[in-house]
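Student:
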Amino acid sequence: MLKRVLFLLFIGLSGISLAQTGNISGSVIDTDTNEPLIGATILIKGTNKGSISDLNGQYLVKAVPAGKQTVLITYIGYEEVEQEIEVLADQTTEVPQVSMTSTVVGLKEVEIFASVVEDRKTPVAVSAINALEIDERFVGTDVADIVQNTPGVYTIQGAGGYGDQEVYIRGFDQSNIAFLVNGIPVNDMENGRMFWSNFAGLSEVTRQLQVQRGLGASKLAISSIGGTVNMITKPAERSEGGRIEYQTGTGSWNQRLRFTYNTGLLDGGWAVSFQGSRTTTDGGLAGLSSQEQGSVIPGAFTDAWSYYLSVSKKINDQHSLMFWGFGAPVNRGTAWVVDEATREKFNIDEPNASNSIGIYQGELFNHRQNKIHKPLMALTHFWDKDRNTSLTTSFYASFADVYSTQPVDQQESLFLNDRTPGNPELTGVNLINWDYLAQQNRADDRFREIQFPNGDFNTPLLEGYESRYFIESRHNNHKWYGLISNFKKSLGNLNLLGGVDLRYYRGQHFGRANNLIGGDFVLNRSERFDDDYNKLITSTVINAPDNAENIYGAVVREGDKYRYDYEGVVTWGALFAQAEYTINKTTVFATISGTQTSYKRIGYMWNARPAFNDNSLGESSTKSFLTYTAKIGASYRPTNRHQFFANAGRFTRPPFFDNAFIDSRYSNNYNPALKLEDVNSVEGGYTYNTSKIRASVNYYLTYWNNRTTTSAFNSGDNDAGGNPIDLIPGDLTPTIFNGLISRHEGVELDFKYNVTSSLELNGFVSYGDWKWDNNTTTTTTFVTESGNEQTATSQINLKGLSVGASAQTAVGIGAHYKGIRDTYIGARWNYFDRISVRYSPEDAETNPNNDEIPFVTADQINDAFPAYSTLQIYAGRYFDVSDKIRGRLSASVQNVLNEKYVRWSSYFSQQYQNAYGYPRTYTISLSFDF
């Protein structure tokens, strides 16, 4: 017995000696910049041992089997490196420093130009999502939905169609968030909005997403009240290769085919990358329900393309050029959310039902469609004079050809919410009966004889039917040119940057008779309001509806312009400077900029309303605004693990072009009480960072002062004496409100924990308190129909009420596991609460001289709709087809538990409109890299 015990003990000790281990350590740097690479993955091939590089690019792998080993080092966007080493037992073996080369050409230059911040230095709240995370964790997901997985960000699906998302950061909507593509601003120059439908497919070519919350560190004079979203596209690759990918699923699209090709670095220093994709709602997988064969929203079809081209040319060691261009032609259907009263009348249970669909000529017909193409391109010259001096200049251009359609009822409001079962204008369950409307357009009382159409006395008598019901299209085209030039100088611990930002924008806006639904023409007027939209051109209608000879507006045939036609011209010139100084463990930065913005409107159609009939045609005067931005911040790192930061800033900006005029569609007159808006913000935070865990917490407080908004008095209001306002029936007179103040305060926490080299946990929590800080009152003087003057007072009472639309409480938790060879799997859970009805400040307007109920009341604003949560899962597996072809099969499921929730709610025409989120949807992807 003793011999057996001794023998087993000997075998055990032999096993221990055979299993002797040691540690290895080393560091990883960038070949071009010699800067440490943070977060590189280090694996010992053939084992499950690994680590991740820290803030200094250093790593330590413990318990590595002694003997010869192969170290594999990988980093997103860099060529992988293998090293053969001899691991010594019971010792730490030092691995020679690894220098890694980027797989793309000119990436660092693009990041510098685009103001991508260094998380370990720049004192701002920032979250970044890299190319591998986008590719694996967000397959088939748009950029707007990807950024929702960062603190303080809330994304809704808008109308629910393809590219309809809306992003909020810290309670501020998209017009108050700066969106940049490779450092190029893409917010609309007239209203500040971001239209994701113009950039559908951008996520397919995005290499990195960076969300800077708050004022951010961008040197440009951009009005980023809520934050800055920086989208870095993929530069040309150094190596030849490409990808073919097919995706299928449910949601706003069903089929996507994508092709990518990189020439690699060619002789003469050239490199070219191209990507194209096709996305549609046709098809689906066999055996699924009819709903899952198309878009979740009935009638919200998708017919889209996208293309991306990147060309790089290295001239010599100091000079290089880069050109990139992106475009996404889209034809799509959108939705009009069904109000609760209509749901009850028609017993509609389908959450994603739409008011915008009907039957026409036997087919499903959506009267709300968009046709979009907005290519964006830039040519950038990089001049690295020496290691400490560089000049980067980018010329960019954007050309938009965009329109949306909507229905018109010249007499009533059939297409709004007043719908009743049994109405012959409807069929089935709340479907517009367009065939019946076409018959009505050719009824006897719609027949017209027009003696002098469009005032042309040489034109024969025009006979035909005037459409009551038709489809109009609203066109918003533009030409936009810009130049941004940065000069950077490093003087030891001091980095200086200065530059210029120049823009010229010309937007073209007009209405058009898109589809007359069986009629021959319309007259450029409103039967409902009894006014003309174009008094320059008139027509004599012999058999007018009241059987008397009447003069009406221009005859408008299908394809003719209608209702309004104008251009908005915006010019922009800015100078900016930034200094960053680092001494020991402290980095301080300061940014200052000055901008002159000029507006001009050019009207091409004369509007007959009294408020516009003498100011709707011709060129307006030019109005200029001088504004500034000032930001300062500091970060302190007592050790490599701890960082404290704080920043403060103030900027002024003019009201948007759309708010600068009495009514930009119809009037050349500026708002007489224009004031600069100003924003003040402070922020502070702490970050803990090691190779295993990164966690940060920050607090912010932002005041937005002197906000401008526009409303309107009409003939139903009373003046200051309580007397009815003597306007033409149905006429509207614009009313301007200035001085609104909103206060946004909150706390944000986010973390990423590498439990092992194979398992990552991540999450965030954000809690905001976003409220209006005051009430405002305005007095308007009217010139009445009888030629007299009346004054009326209007007020907006919002103090203490929620800003609305965005979730003020948000929680996210995620996990990503890659411990099985060539396989990954993960999940995300998001929770949102304290979401109020979406509204504009003018919706709360009241007239103290009558008993008018505001469009939206304080009770409705305070009545937040229920909290909700969603669960997403994803998985993928790589496989080798041959030595040169590698494949991947991946899938993701959104809203796994099929939660029914309200993503946003509004109050329209005295009824709630609850827009429900998507049900359970999925995406499956098969790709081959070659």
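Note that the sequence shown covers residues -19 to -1, 1 to 911 in mature numbering (1 follows the signal peptide of the UniProt record, and there is no 0).
For each residue, glycine too, the CB sits at the ideal point set by N, CA and C.
(1) In this structure, what does DSSP give as the bridge partners for histidine 354?
(2) My output table needs one value for isoleucine 338: the three-state DSSP class, helix, strand or coil.
(3) Helix, strand or coil: which one does DSSP assign to serine 574?
(4) Looking only at its chain, what residues have a beta carbon closer than 6 Å to the beta carbon of asparagine 414, apart from the 5 residues adjacent to it on each side?
(5) Helix, strand or coil: how does DSSP classify alanine 322 here?
(6) In the DSSP output, what is phenylalanine 625 paired with across the bridge?
(7) What residue range does the alpha helix (DSSP H) around aspartate 840 cover?
(8) So what does glycine 58 bridge to, in DSSP terms?
(9) I'd like to know if the region 488 to 502 and the region 450 to 460 are in contact, where contact means that at least 3 CB-CB pairs between them fall below 8 Å.
(10) Going along the chain, which residues of its own chain have a beta-carbon closer than 7 Å to the beta-carbon of glycine 232, five neighbours each way excluded?
(11) Starting from serine 276, follow its DSSP beta bridges and name the residues at the other end.
(12) Within 10 Å of its beta-carbon, does alanine 848 have 16 or more other beta-carbons around it, so buried, or fewer, so exposed?
(13) Taking the alpha-carbon positions, what's the glutamate 664 to proline 388 distance?
(14) Leaving out the 5 sequence neighbours to the left and right, which residues in its chain are closer than 6 Å to valine 148 when beta-carbon positions are compared?
(15) Relative to the C-alpha of threonine 323, which residue among Val569, Gln892, Leu907 and Asn211 is closest?
(16) Using the C-alpha atoms, what's the distance from arginine 239 back to alanine 267?
(17) Assuming threonine 568 contacts serine 616 under a Cβ cut-off of 8 Å, what Cβ separation, rounded to an integer in Å, is found between them?
(18) Measuring straight from C-alpha to C-alpha, what distance separates glutamine 78 and valine 52?
(19) Can you tell me whether serine 908 is buried or exposed, with buried defined as 16 or more other CB within 10 angstroms of its CB?
(20) With a threshold of 16 other CB atoms inside 10 Å of the CB of serine 271, please say whether the residue is buried or exposed.
(21) For a test of the three-state rule: what should DSSP assign to valine 52, helix, strand or coil?
(22) Within 10 angstroms of its Cβ, does histidine 300 collect 16 or more other Cβ (buried), or is it exposed?
(23) Assign tyrosine 669 to one of two classes, buried (16 or more other C-beta atoms within 10 Å of its C-beta) or exposed (fewer than that).
(24) State the CB to CB distance for the pair glutamine 577 and leucine 598, rounded to an integer number of angstroms; the pair is presumed to be in contact (CB under 8 Å).
(25) From what residue to what residue does the beta strand (DSSP E) around leucine 302 run?
(26) Among Gly436, Asn843, His348 and Phe153, which residue has its Cα nearest to the Cα of arginine 174?
(27) Taking its Cβ as the centre, do 16 or more other Cβ atoms sit within 10 Å of glutamate 325, making it buried, or is it exposed?
(28) Any heavy atom of the ligand MN closer than 7 Å to the Cβ of glycine 152?
(29) Quick check on the burial criterion: 16 or more other C-beta atoms within 10 angstroms. Buried or exposed for valine 319?
(30) For alanine 106 versus glutamine 189, is the C-beta distance shorter than 8 Å?
(31) Ends of the alpha helix (DSSP H) at tryptophan 415?
(32) Helix, strand or coil for serine 270, going by three-state DSSP, please let me know.
(33) Using 8 Å as the cut-off, can you tell me whether the region 338 to 358 makes contact with the region 291 to 308, which would need three or more C-beta pairs spanning the two stretches below that distance?
(34) Any idea which residues DSSP pairs glycine 7 with across the strands?
(35) When you compare each of Ser8, Val45 and Glu60 to asparagine 37 by their alpha carbons, which one comes out closest?
(36) Please work out which residues of its chain come closer than 8 Å, Cβ to Cβ, to tryptophan 18, disregarding the five sequence neighbours upstream and downstream, and give them in chain order.
Tutor: According to the data block:
(1) Here residue 354 is taken as the residue at index 373 of the sequence shown, counted from 1. The partner list for histidine 354 (beta bridge, DSSP) reads Asp382.
(2) The residue labelled residue 338 in the question sits at position 357 within the sequence shown. Residue state, collapsed to three classes: strand.
(3) Your numbering for residue 574 matches position 593 in the sequence shown. When DSSP states are grouped into helix, strand and coil, serine 574 belongs to the strand group.
(4) By one-based count along the sequence shown, residue 414 stands at place 433. Within the same chain, asparagine 414 has close Cβ partners Glu406, Leu407 and Thr408.
(5) By one-based count along the sequence shown, residue 322 stands at place 341. If DSSP states are grouped into helix, strand and coil, alanine 322 belongs with the helices.
(6) In the sequence shown, residue 625 corresponds to position 644, counting from 1. According to DSSP, which records beta bridges pairwise, phenylalanine 625 is partnered with Tyr617 and Tyr667.
(7) The count along the sequence shown starts at 1 and reaches residue 840 at position 859. Residues 839 to 843.
(8) The count along the sequence shown starts at 1 and reaches residue 58 at position 77. The partner list for glycine 58 (beta bridge, DSSP) is empty, contrary to what the question assumes.
(9) Touching, per the Cβ criterion.
(10) Along the sequence shown, one-based indexing puts residue 232 at 251. Take glycine 232, set aside five residues on each side of it, and the residues of its chain with a beta-carbon closer than 7 Å to its own are Val277, Tyr899 and Thr902, in chain order.
(11) Here residue 276 refers to the residue found at position 295 when the sequence shown is read from its first residue. DSSP output for serine 276 lists Gly232 as bridge partner(s).
(12) By 1-based counting over the sequence shown, the position of residue 848 is 867. Around the beta carbon of alanine 848, fewer than 16 other beta carbons sit within 10 angstroms, so the residue counts as exposed.
(13) Residue 664 sits at position 683 when you count from the first residue of the sequence shown. Residue 388 sits at position 407 when you count from the first residue of the sequence shown. C-alpha separation (whole angstroms): 47 Å.
(14) Here residue 148 refers to the residue found at position 167 when the sequence shown is read from its first residue. Once the five neighbours on either side are set aside, the close Cβ partners of valine 148 are Ala125, Thr136 and Gln155.
(15) On the sequence shown, residue 323 is found 342 positions in, with the first residue counted as 1. Nearest C-alpha to threonine 323: Gln892.
(16) Numbered from 1 along the sequence shown, position 286 holds the residue referred to as residue 267. Numbered from 1 along the sequence shown, position 258 holds the residue referred to as residue 239. Note that alanine 267 scores a pLDDT of 41, beneath 50, so its modelled location is shaky and nothing firm can be said.
(17) Within the sequence shown, the letter at position 587 stands for residue 568. Within the sequence shown, the letter at position 635 stands for residue 616. Yes, they are in contact, since the Cβ atoms of threonine 568 and serine 616 sit about 5 Å apart, within 8 Å.
(18) For the purposes of this step, residue 78 is taken as the residue at position 97 of the sequence shown. For the purposes of this step, residue 52 is taken as the residue at position 71 of the sequence shown. If you take the alpha carbons of glutamine 78 and valine 52, they lie about 12 Å apart.
(19) Walking along the sequence shown from the start, residue 908 turns up at place 927. If you draw a 10 Å sphere on the C-beta of serine 908, you find 16 or more other C-beta atoms in it, and that means buried.
(20) Here residue 271 corresponds to residue number 290 of the sequence shown, with the count starting at 1. Residue confidence is low: serine 271 scores 42 on pLDDT, short of 50, so the model does not pin down where it sits. No coordinate-derived value is stated.
(21) By 1-based counting over the sequence shown, the position of residue 52 is 71. Strand at valine 52.
(22) Sequence index remark: in the sequence shown, residue 300 carries index 319 (1-based). By the Cβ neighbour-count rule, histidine 300 is exposed, with fewer than 16 other Cβ atoms within 10 Å of its own.
(23) In the sequence shown, counting from the first residue as 1, residue 669 sits at position 688. A residue is called buried once 16 or more other Cβ atoms fall within 10 Å of its Cβ, and tyrosine 669, having fewer, is exposed.
(24) Mapped onto the sequence shown, residue 577 falls at position 596. Mapped onto the sequence shown, residue 598 falls at position 617. The Cβ separation is near 28 Å, so there is no contact.
(25) Translated into the one-based positions of the sequence shown, residue 302 becomes position 321. Unbroken beta strand (DSSP E) run through leucine 302: 300 to 308.
(26) Against the sequence shown, residue 174 aligns to sequence position 193. Closest by alpha carbon: Phe153.
(27) For the purposes of this step, residue 325 is identified with residue 344 of the sequence shown, where counting begins at 1. Taking every protein chain shown into account, the CB of glutamate 325 has fewer than 16 other CB atoms within 10 angstroms, so this residue is exposed.
(28) Looking at this structure, you won't find the ligand MN or any other ligand, since it has none at all.
(29) Here the question's residue 319 lines up with position 338 in the sequence shown. Looking at its Cβ environment, which holds 16 or more other Cβ atoms inside 10 Å, valine 319 is buried.
(30) Start at 1 with the first residue of the sequence shown, and residue 106 comes out as number 125. Start at 1 with the first residue of the sequence shown, and residue 189 comes out as number 208. No.
(31) If you number the sequence shown from 1, residue 415 lands on position 434. Counting along the chain, the alpha helix (DSSP H) containing tryptophan 415 begins and ends at 415 to 422.
(32) For the purposes of this step, residue 270 is taken as residue 289 along the sequence shown, with counting starting at 1. Residue placement at serine 270 is poorly supported in this model, since its pLDDT is 42, which falls under 50; the coordinates are not used for a value here.
(33) Yes, since at least three Cβ pairs between the region 338 to 358 and the region 291 to 308 fall closer than 8 Å, the two stretches touch.
(34) Counting from 1 along the sequence shown, the entry for residue 7 is found at position 26. DSSP lists Tyr40 as partners of glycine 7.
(35) Mapped onto the sequence shown, residue 37 falls at position 56. When only C-alpha atoms are compared, the closest one is Ser8.
(36) In the sequence shown, residue 18 corresponds to position 37, counting from 1. Residue identity differs from the one stated: residue 18 is leucine in this sequence, not tryptophan. Taken in chain order, the residues that qualify are Val9, Ile10, Asp11, Ser34, Gly38, Tyr56, Tyr59 and Met81.
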